[in-house]
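Data block below; observations after.
Protein chains: 2
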Amino acid sequence: MPEELASWADGPARAAITAFVQRVTTSGGDGYVAPAERVAVVDNDGTLWTEKPMPIELGFIMRRLAAAAERDPDLRGVQPWKAAVERDHGWLGGAVTRHYAGDDSDLHVLLGGFLQAFAGMSAEDYLAASGEYLRGGTHPTLGRGFRECTFAPMVELLRYLEAHGFTVYIASGGDRDFIRSVSDEIYGIPSERVIGTSNALAYQEDGDGASVVYQAQPDVFDDGPVKAVRIWSRIGRRPILAVGNANGDIQMLEFTGGPRLPALRLAVLHDDEEREAAYTQRADELLDRAHRKGWTVISVRSDWTTVF
Amino acid sequence: MPEELASWADGPARAAITAFVQRVTTSGGDGYVAPAERVAVVDNDGTLWTEKPMPIELGFIMRRLAAAAERDPDLRGVQPWKAAVERDHGWLGGAVTRHYAGDDSDLHVLLGGFLQAFAGMSAEDYLAASGEYLRGGTHPTLGRGFRECTFAPMVELLRYLEAHGFTVYIASGGDRDFIRSVSDEIYGIPSERVIGTSNALAYQEDGDGASVVYQAQPDVFDDGPVKAVRIWSRIGRRPILAVGNANGDIQMLEFTGGPRLPALRLAVLHDDEEREAAYTQRADELLDRAHRKGWTVISVRSDWTTVF
């Protein structure tokens with residue numbers, strides 16, 4: 000069985016995974032879990048694919064803002080369209096940095112632009128546009144297609160879990176429909192098993208039927224405690240296995256298992272500057288908790304023989 | 000194949016269903032739909048099980064309100080606990096009737112009670128309590144266990160659709176977790192395929208992990224246009240087949256199919272006073288639209304040889 004995890008080093012992370020899977024699948028054993036309850040939840044950005052130097056989704060949004068500024072020149076002097084047209088990653092990064100320093104003014108400007116970027120689009124048109132972006136584009140620093148920015152060991156883990164009766168869901172702070180546009184193709188996870196952040200949708204009738212259409216309002220930001228709530232809302236079960244890489248994944252990991260079910264909690268540590276990136280920003284509390292509570296840390300450098 | 004629909008009369012409704020299923024499953028035909036896109040959505044109250052003389056869920060809520068009034072005698076003089084303790088269905092019915100007449104004051108009192116009835120309960124405890132109610136109780140007028148209040152022809156339809164590669168979801172205006180507590184047992188539909196109304200949930204940590212807990216606030220009332228939006232949110236696909244019985248199902252039926260996919264829209268008409276109930280309240284617009292647009296009407300009296 001472990002041979003299936005071919006890109007994993009013969010180390011503690013792989014051992015923890017295979018031991019847990021053996022435990023929950025051993026019929027008659029005290030840790031046995033019925034297949035219907037073998038639910039796994041996996042974060043996306045930084046867990047299933049790279050989020051450096053910036054989340055892949057941001058490029059899609061920037062492109063759409065730039066297109067809007069093409070059509071309406073008045074927007075070109077106004078943020079966030081100005082930054083999108085000028086590819087001013089400094090302004091974008093600054094908005095996020097200032098948010099962490101307590102000043103949300105630019106972040107609100109940025110989010111307002113995000114919401115307007117897709118307002119009025121039908122959900123199907125959005126899926127088509129994001130699919131086109133992800134299939135056609137190249138990652139700015141890795142120089143490979145976006146669909147090849149997934150972590151090979153993680154995709155192997157999805158297959159390994161499925162082969163042992165697990166049902167795997169993506170639980171992401173990123174946009175749900177953006178991920179859905181390629182989730183089946185790159186992860187083998189169909190759209191109904193993608194949970195994520197969403198913008199408000201409205202029902203719109205035409206003569207022949209109806210569509211659901213993006214609104215310029217946020218709906219749910221699927222991060223932190225909301226991840227646990229949304230996992231319950233969507234699945235109606237607790238997961239028994241969860242993988243994340245950031246502080247916003249802590250609550251999802253805590254919610255895993257519970258009084259009646261065992262749990263395996265995994266945290267990806269990005270410590271490989273050479274092959275991917277080395278960073279612990281927005282992961283400090285997660286790593287601290289993993290250390291204190293004995294959660295399994297996956298070191299990109301030590302536990303993965305292949306990254307992409 | 001049609002033999003599987005044993006409780007269906009050899010009439011137009013069964014013919015429409017079998018013709019549609021044959022069309023979407025005929026490989027190479029112009030109406031062929033790949034299995035992954037064969038999504039069906041089915042309403043619950045009045046479609047999968049009876050909603051007369053009152054929704055089954057209401058009894059569960061009343062019992063919980065009465066239990067709260069047992070513990071706190073001060074509540075016994077206050078609505079809606081008073082009505083629950085006195086089993087005053089007149090007050091309850093009146094609150095709903097006055098709502099339709101434009102006076103929402105008692106309905107708000109009732110809803111406030113509903114929300115308080117479960118506040119502070121973990122999602123798992125709620126599931127256990129509603130499962131216990133549904134497994135132990137007897138329907139007030141039919142005199143049979145709640146689990147035997149499902150419509151036999153509809154459960155056959157679920158199996159028939161699954162046998163032809165469909166994935167079926169429940170899309171209900173009733174409470175999601177209430178339905179989940181028995182959905183697998185009575186419908187063969189697992190909790191992750193139940194979409195419905197929800198109260199707000201909060202994440203709550205204890206020393207060992209965390210739970211999600213019911214709050215005294217509403218979250219989403221899954222009816223009318225919201226049904227279409229929530230179907231997209233949960234599935235990320237349009238259904239190609241939908242069954243409803245009330246005006247609140249119109250938008251779900253309109254959203255079915257679309258520019259790229261065929262659709263079968265089915266409306267259950269309750270016209271059998273002898274075997275179940277005869278009523279068109281809150282179904283008038285649906286039936287009118289079904290007539291105008293050629294949607295398939297399922298007559299309980301004519302199309303079902305067995306009801307329960």
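Protein chains in written order, with numbering that gives the first Met the number 0: chain A, 0 to 307; chain B, 0 to 307. For each residue, glycine too, the CB sits at the ideal point set by N, CA and C. Since the model is a prediction, treat every value here as computed from it, not as a measurement.
Taking 8 angstroms as the CB-CB cut-off, is B/S197 touching chain A? yes
Taking only three categories from DSSP, how would you classify A/L263? strand
So within the stretch 146-221 of chain A, which uninterrupted alpha helix (DSSP H) runs reach at least 4 residues, ignoring any that extend past its ends? 151-162, 175-186
Other residues of its chain near B/M153: CB distance less than 6 angstroms, five sequence neighbours each side excluded: L47
Any chain B beta carbon closer than 8 angstroms to A/Y202: yes
Looking at the C-beta of B/G257, does it have a partner C-beta in chain A at a distance below 8 angstroms? yes
Taking B/T17 as part of the alpha helix (DSSP H), name the residues at either end of that continuous run. 11-24
Using 8 angstroms for Cβ pairs, my map puts B/G45 next to B/N198. What's the rounded Cβ distance? Contact doesn't hold; Cβ gap of about 22 angstroms is too wide.
Only counting the same chain, and skipping five residues up and downstream in sequence, which positions put a Cβ closer than 7 angstroms to that of B/G130? S180, V181
Stretch pair the stretch 221-231 of chain B + the stretch 181-195 of chain A: three plus CB contacts closer than 8 angstroms: no
For A/S121, the residue or residues it bridges with in DSSP: A/V212
Just checking: is the beta-carbon of A/W294 within a distance shorter than 8 angstroms of some beta-carbon in chain B? no
With 16 other Cβ atoms within 10 Å as the buried cut-off, status of A/E69: exposed
For B/D73, which three-state DSSP category applies? helix
Is there at least one Cβ from chain A nearer than 8 angstroms to B/A35's Cβ? yes
Tell me, which residues are paired with B/G243 by DSSP? B/A266
Enumerate, from N- to C-terminal direction, the unbroken alpha helix (DSSP H) stretches of 4 or more residues contained entirely within the stretch 87-116 of chain A. 88-99
By the 9 angstroms beta-carbon criterion, what residues does the stretch 7-21 of chain B contribute toward chain A? none
Going by the beta-carbon positions, is the gap between B/A241 and B/A39 smaller than 8 angstroms? yes
C-alpha distance - B/F165 paired with B/D9, whole-angstrom precision: 22 angstroms
Is B/A241 close to chain A? Criterion is C-beta to C-beta, closer than 8 angstroms. no
Which value, in whole angstroms, describes the spacing of the CA atoms of B/D103 and B/L110? 10 angstroms
So what does DSSP say about B/D302, is it helix, strand or coil? helix
Report the rounded CA-to-CA distance for A/E36 versus B/E123, giving the unit in angstroms. 14 angstroms
How would you list, in chain order, the residues of chain B whose beta-carbon sits under 7 angstroms from the beta-carbon of A/A227? Y202, A209, V211
List, in order along the chain, the chain B residues whose C-beta lies closer than 7 angstroms to that of A/Q250? Y202, A209
B/V84 - DSSP class collapsed to helix/strand/coil: helix
Residue burial classification, A/V77 (beta-carbon count within 10 angstroms, cutoff 16): exposed
A/V32 by DSSP, collapsed to three states: which one? coil
C-alpha gap between B/R192 and A/I234, whole angstroms: 8 angstroms
Short CB-CB distance (under 8 angstroms) between A/I234 and chain B: yes
If you count every other CB in all the chains shown that lies within 10 Å of the CB of A/Q250, and 16 or more means buried, which is it? buried
Relative to chain B, which residues along the stretch 104-130 of chain A have a C-beta separation below 9 angstroms, given in chain order? A122, E123, L126
My guess is that B/I194 and B/I230 are in contact by the Cβ rule of under 8 angstroms, so how many angstroms apart are they, rounded? 6 angstroms
Relative to the C-alpha of B/V108, which residue among B/G144, B/W80, B/G119, B/R134 is closest? B/W80
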